[in-house]
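Below: the structure, in C-alpha cells.
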Amino acid sequence: MPKQKIKSLRTLKDVGLESSFRGKVREIIDVDSHLIMVATDRISAFDSILPTPVPEKGKILTSISAFWFRGFQQILPTHFISTDLADLPSSLHQYAEVLDGRWMAVRKADPLPVECIVRGYLAGSGWREYEKSRTIGGQPLPAGLTCYGPMPEPTFTPSTKSHAGHDVNISVGQLKEVLGAETTAALQDLSLEIFRRASAYAYRCGLVLADTKFEFGWIDGRMALIDEALTPDSSRYWPVEMVEAGETPKSLDKEYVRQYLKNLPWDGNPPAPALTPEVVDETLRRYRDVERRLLAAGNTPGLGDPIRAHQ
C-alpha cells in the first residue's frame, strides 16, 4: 500500500499499477464489467506528451469531467458511472490514496474514430483557416469576423482521432464518407446541442466556452458521450469580463502552454521540451480558476430537458 500521497502522478506504472491502455493523459484499467479511467498529471501539446507533469492537474480534470457528466447523464447517454469510493473495485483499494480524485468508473463503449470539435469563437487553427480562406472546417463564413470574436453560430468541425501522430481536420462531407450520413448527422446534432447548453451554463459562471471537443461511442446500441467532458485540456475557456470588454482574452486552458511552446526553438516533433516551474505553476492556477468558477454553484450543472437519443 502506498505510504503517502503523491503530489504528481506521471504514470500508473510508477506506483506499481498496470494499465490496459495508456493515452496521452489518461490510463485505463479494465475491471471486467467496466473500466476505471485515471487522469494522470501528464500534459500534451501538438500531439506530443511533454516531459514535465503538472502536479494535481489530473485531479482537476477528473473533478471537471465528473461535474459535467453528472449533468449530462440527466439529458443523454454517457459512459460515466461514478467517482464514489464505494465503486472502486476491491482490487484497487490498496491504491485508493494514490488514485483519490483522479479516477472515474465508466462503461465500456465502442468509440467512434472522430473528435467532434465545436467552435463558438474564432481562435487557434479555426482563426488561421478563416484568415486564409473565409471558411472553417471547409464551411463558408461571412467576411469581417475577428480573432477571438464570436462566430455567427456554433460550428461543427470534426477531426480524425489519432493515438499516435497528428489529428487531421476533415470536412463534414469527408466524415460522412467514413461513418455514413446518419451517424454523422447524429454526431453533429448532439455536439452542437451539448455545446449550446454547456456554453450557457459556463457563461453564468463567468466563463466563455470558445470551443471544445467531444468524443462519442456506442453503448448498448445508443450513442453516448465518452472520454472527458469540457476540461481545460479539451476546451478553450476565457473570462467573460475580458471578452465583454473587447480585450484579448486570457486563456484559462492548455492554450497557455501551447503559446509558451510556440516561442521556443522547437519544431513540434518529439521529444518535446520541458516546461519551466513558472509555466507549470501558472498552468495549474488557470486550470484551478476554471474548476472554481464552474463548481461554485454546486456539483451538478442544470442543463435542461433530455436530448433525443440516437440509436
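Using UniProt numbering, the final residue of the sequence shown is 311, and nothing's skipped along the way. For each residue, glycine too, the CB sits at the ideal point set by N, CA and C.
Looking only at DSSP bridge pairs, what is residue i linked to?
i, result
"N169", "S159"
"Y201", "Partner(s): none; Y201 has no beta bridge."
Report the rounded CA-to-CA distance for residue i versus residue j, giving the unit in angstroms.
i, j, result
"M1", "G16", "Residue confidence for M1 is low, a pLDDT of 44 falling below 50, so the modelled location carries little weight; the figure read from the coordinates is stated next. Taking the straight line joining both Cα atoms gives about 10 Å."
"P232", "P140", "28 Å"
"F156", "W127", "14 Å"
"L9", "D267", "27 Å"
"G173", "C116", "14 Å"
"I170", "T52", "31 Å"
"L230", "R107", "19 Å"
"S91", "V290", "33 Å"
"S44", "R292", "23 Å"
"S133", "D47", "25 Å"
"M223", "E153", "24 Å"
"N263", "Q94", "43 Å"
"residue 313", "G217", "Past the edges of the chain, shown from 1 to 311, lies residue 313, and the structure says nothing about it."
"A210", "D14", "36 Å"
"A109", "D87", "19 Å"
"T40", "M151", "34 Å"
"L252", "Y237", "5 Å"
"G246", "A272", "34 Å"
"L12", "D32", "19 Å"
"G23", "C147", "32 Å"
"S19", "D30", "8 Å"
"W68", "T160", "24 Å"
My output table needs one value for residue i: the three-state DSSP class, helix, strand or coil.
i, result
"P2", "Any answer about P2 is weak, because its pLDDT of 46 lies below 50 and its placement is not dependable; what the coordinates show is given next. In the structure shown, P2 sits in coil (DSSP, three-state: anything other than H, G, I, E or B)."
"W68", "helix"
"T183", "helix"
"V54", "coil"
"P301", "coil"
"I75", "coil"
"T283", "helix"
"T276", "coil"
"L264", "coil"
"K59", "helix"
"K7", "coil"
Which whole-angstrom value describes the C-beta separation of residue i and residue j, a residue pair presumed to lie in contact below a C-beta threshold of 8 Å?
i, j, result
"H79", "I226", "4 Å"
"G120", "F195", "7 Å"
"S65", "G101", "Between G101 and S65 the Cβ distance is about 12 Å, and since that is not below 8 Å, they are no contact."
Taking Cβ positions only, does residue i come closer than 7 Å to chain B?
i, result
"G302", "In the structure shown, chain B cannot be found, because there is only a single protein chain."
Contiguous beta strand (DSSP E) assignments of at least 3 residues, all confined to the region 9-50
Fully enclosed beta strand (DSSP E) runs of 3 or longer: 26-30 and 35-39.
Residue ranges of each beta strand (DSSP E) run of no fewer than 3 residues wholly in the region 78-154, ordered along the chain?
Runs of the beta strand (DSSP E) inside the region 78-154: 80-82, 103-106 and 114-121.
Any alpha helix (DSSP H) of 4 or more consecutive residues that is wholly inside the region 190-255
If we require 4 residues or more, the alpha helix (DSSP H) runs fully inside the region 190-255 come out as 240-244.
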